[in-house]
Every structure is written in structure tokens, then in C-alpha cells.
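Engineer: Add 49 to a position in the sequence shown, counting from 1, and you land on the number used in our numbering. Where is the CB? At the ideal position from N, CA and C, for every residue including glycine. Please read through the structure below; I'll follow up with questions.
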Amino acid sequence: MRIRIVDAFTDRPFAGNPAGVLLLNDVFPDDGWLQNIAMEVNHAETAFAHRLPEGGAADWALRWFTPVAEVDMCGHATLATAHVLHTTGAHEGPVRFATRSGVLIATPGDDGSITLDFPTAPLTPAVIPAGVAEALGAEPVAAFDTGPNVGDLLVELADEKTVLGLAPDHKSLGAYSSRGIIATARADDPSRGYDFVSRCFFPNVGIDEDPVTGSAHTALAPHWSARLGRDDLTGLQASRRTGLVRTGLRGERTLLTGRAVTVIEGELHA
């Protein structure tokens, strides 16, 4: 069985967010085996997919696992899986994935990018929790609940410099949402090619800082589109690896566009 490591939301190796990708035969193996493979790969997520019978609502079944848990939604590993399907010839054109978050569609572009069609996160203003400023290392100016699909607390900070300088207490951040914290601010200089910045900390699923998070951008897109007055934006996730996500707010759906590159391909013997 072939296993691949794909860097997503980037066009160059060793940037973006790495994901393991395994294309399976016709069913998902035992959950324990899937979790062990994800633990062995030890990236933010490992994606497992198998082809579905023709004529249904979806073309492939898709699941995502962190090193410690299965998750309901993952953007970068979906992008990575679509990249593998297209570059290996396993699937042509738009691919419909059956997932725990419904049917998600990945459409290849003529320029080599892939656009994901995900549900928009329903943002609800929240009271800034006591203690979150100390855990994060900066005082939020606003906070929002991102709903059950994303499961994060989104906090807006004063400026880009504050987001880039965060050095949070990861263990403490786990008390404020089911997955973790999305920290964001408006870009200081949009001429650099992005409209907002973010960093994502997910201690409750074993990820201290996620390099580039597609699912978080289903919340960042409506947040910044409302503030900036445009439906189409570009976000920079300012982790050490960094990555760009182009967002398109389409009502209850959000389009996430990026590139991916396969970095490692090998044989799984487990």
C-alpha cells in the first residue's frame, strides 16, 4: 500500500501543512489501525480514502485522524487527498468526498490549484473568557464561537505583529474550546498579498500549533469578509512553515483554494 506525505496550501516542499494520505482498496480498516497509522505518521492529520460505488452522492469516502483522535473536518488533508487523486490519475475532475461533515467537493483549477467547497462556520459573538489573555499571551479585542463543525474559539487581536509574536501556554488553551484557539488580525499591509493573518493552536487534538488550517478559514472567511467588505480574500497562516489560503464566502458555503506538492512517497508495511 502506497503512503504519501503531501504539503498542502503551498506550492513548494517543506512549507504549508504536511498530511499523510493513504488510498485504500474498498473499505476502511479497523479504527485502531487507522489511529496507529496516524500516530506513526505524526503529522497534524493523516487522510484515509477509498472509492465508492458509481452513481451515489459521493465518489470517495474520506476520514481524517490526528496522532491522537479522529476529527470531523480537515481542510489541508482534504486538499492533499485531492492532489494525490489527480496527480496519480485515480480521479479526474471534481471529486466528491463523503465525510463526517457531509459531502465536500474538491475542484482542480487550470493553474494547478484545488478549490474546496466547505460549510461556512456559523460565528456567534462570545464573551472573552477569563484567563484566555494570559494563556494566549495577548489581550483579545473580540471573541467568537465557531460552531460544532469547527469547534474553536476565534479571537481577534489588535494587529498582525501581536499574532506573529504569540508564545502561548498550549496546555492552558485547551480549556476554552473543544479543539483550540484561532488567533487572527487584519494584515498590516495588504499589498504583500494577503488580507488577514492567523495562527491556530489545537492542544485538545494533540496539535500545539497547526501549520495551515483549512477548516479554520471557514470561520475566518465570514469574519474578515464582514469587516473588509469583500467576499474573496487571502489569508496568511503565520506558523513557522506558513501557507496561503484563498477564501471565497458564498453564503452557507466557503471556498478554500490552495496548492499542494507531494514530498514523500513510500510503501506501508503495517
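Could you please give me the residues that DSSP links to P239 through a beta bridge?
Structural biologist: According to DSSP, which records beta bridges pairwise, P239 is partnered with nothing at all.
Engineer: Can you look up V323 in the DSSP assignment and give me helix, strand or coil?
Structural biologist: No answer is possible for residue 323: the residues shown for the chain start at 50 and end at 319.
Engineer: Can you check which of these residues, G292, G138 and A182, is closest to Y243 by C-alpha distance?
Structural biologist: G292
Engineer: State the Cα-Cα distance for the pair L130 and A96, rounded to the nearest angstrom.
Structural biologist: According to the sequence as given, residue 130 is Thr; it is not Leu. Cα to Cα, T130 sits roughly 7 Å from A96.
Engineer: Over what stretch of residues does the beta strand (DSSP E) that includes A98 continue unbroken?
Structural biologist: E94 to R100
Engineer: Spatial neighbours of S226 within its chain, please: C-beta separation below 7 Å, excluding the five flanking residues on both sides.
Structural biologist: Excluding residues within five positions, the ones whose Cβ falls inside 7 Å are G200, D201 and L202.
Engineer: What do you reckon, are the CB atoms on V152 and A106 nearer than 7 Å?
Structural biologist: yes
Engineer: Just to confirm the assignment: which complete beta strand (DSSP E) runs, minimum length 3, are found wholly within the segment 134–212?
Structural biologist: 144–148, 151–157, 163–168, 173–175, 191–194 and 201–205
Engineer: So for E316, helix, strand or coil by DSSP?
Structural biologist: strand
Engineer: Going by the beta-carbon positions, is the gap between P174 and F193 smaller than 7 Å?
Structural biologist: Yes, the pair counts as a contact, with Cβ atoms nearer than the cut-off.
Engineer: What are the start and end residues of the beta strand (DSSP E) that includes L293?
Structural biologist: G292 to R299
Engineer: Assign F63 to one of two classes, buried (16 or more other C-beta atoms within 10 Å of its C-beta) or exposed (fewer than that).
Structural biologist: With fewer than 16 other Cβ atoms within 10 Å, it is exposed.
Engineer: Exposed or buried, what is R45 when buried is set at 16 or more other beta-carbons lying within 10 Å of its beta-carbon?
Structural biologist: Summary: the structure shown does not reach residue 45, with the chain confined to residues 50 through 319, and so no result is reported for it.
Engineer: Starting from the C-beta of L213, find all residues in its chain whose C-beta is less than 6 Å away, skip the five residues before and the five after it, and write them out in chain order.
Structural biologist: A287
Engineer: Between the beta-carbon of L269 and the beta-carbon of S247, is there less than 7 Å?
Structural biologist: The criterion of a C-beta distance shorter than 7 Å is satisfied by L269 and S247.
Engineer: Nearest to G186 by alpha carbon, out of R61, E301, K210 and V120?
Structural biologist: Ranked by how close their Cα comes to the Cα of G186, the residues R61, E301, K210 and V120 have K210 in first place.
Engineer: Do you know whose CA, among V310, A275 and G300, lies nearest F245's CA?
Structural biologist: A275
Engineer: Three or more C-beta pairs closer than 8 Å, one from the segment 152–164 and one from the segment 70–84: is that the case here?
Structural biologist: Not touching, per the Cβ criterion.
Engineer: With 16 other CB atoms within 10 Å as the buried threshold, where does R228 fall?
Structural biologist: R228 comes out buried.
Engineer: Expressed to the nearest angstrom, what Euclidean distance is found between the alpha-carbon atoms of R100 and S240?
Structural biologist: 42 Å
Engineer: Going by beta-carbon coordinates alone, are R149 and D121 separated by less than 7 Å?
Structural biologist: yes
Engineer: Look up V55 in the DSSP assignment and say whether it is helix, strand or coil.
Structural biologist: strand
Engineer: If you run the structure through DSSP and keep just helix, strand and coil, what is L215?
Structural biologist: coil
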